[in-house]
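Residue numbers (the numbering used here): 119 to 318.
Given below as structure tokens:
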């Protein structure tokens, strides 16, 4: 069995999940994987829709099976091919080879991390799960500033989505905690990441 461990980091968009992965990788021994790369293309049949547009916050817009298969390969083999997803185009534009052979921990983060935990356990992966607990208003502000800067979608779509996410955040948190995620601050998350790294 591989000694690598998976740390799933959940939390609302804009809470700092990607930043946690980058900070953890800075000292070596930790690799980061964005689960957002596993979104389905906008023309995939049967995508969920709200008010006439694709609902990218619905798990059905995301490829759980491919994400789990990729994570399993990363943990077991140390390398895997990962999609490159362009959010502004709403489609996969290429793939890239990710090498985690020098890492003892793979941090997998994304808005569907909470839904990934049960599948990871069912696949017998060595996994721990954290919910990044940060101010709801700051999450909203960080998310909107990032999405506008990166021109992810039309501004009116970003604002409408941001308001919906702000409203839904407490329910998402409760669901993640019920699923087995531990709510922690950014500081505590970094400390836990380093602890897992040395235990792996």
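Ideal Cβ placement from N, Cα and C applies to all residues, glycine included.
With 16 or more other Cβ atoms from the protein chains shown falling within 10 Å of its own Cβ, residue 139 counts as buried. Here residue 281 is exposed, its C-beta having fewer than 16 other C-beta atoms within 10 Å. Between residue 243 and residue 300 the beta-carbon gap is near 17 Å, outside 8 Å, which marks them as no contact. Residue 126 carries a strand assignment under DSSP once its states are collapsed to helix, strand and coil. For residue 164 and residue 145, the gap between their C-alpha atoms comes out near 42 Å.
Spatial neighbours of residue 180 in its own chain (CB-CB distance under 7 Å, excluding positions within 5 residues in sequence) are listed in chain order as 156, 157, 158, 230. According to the DSSP assignment, residue 227 belongs to the beta strand (DSSP E) that extends over 223-227. Secondary-structure assignment with DSSP links residue 247 through a beta bridge to 126.
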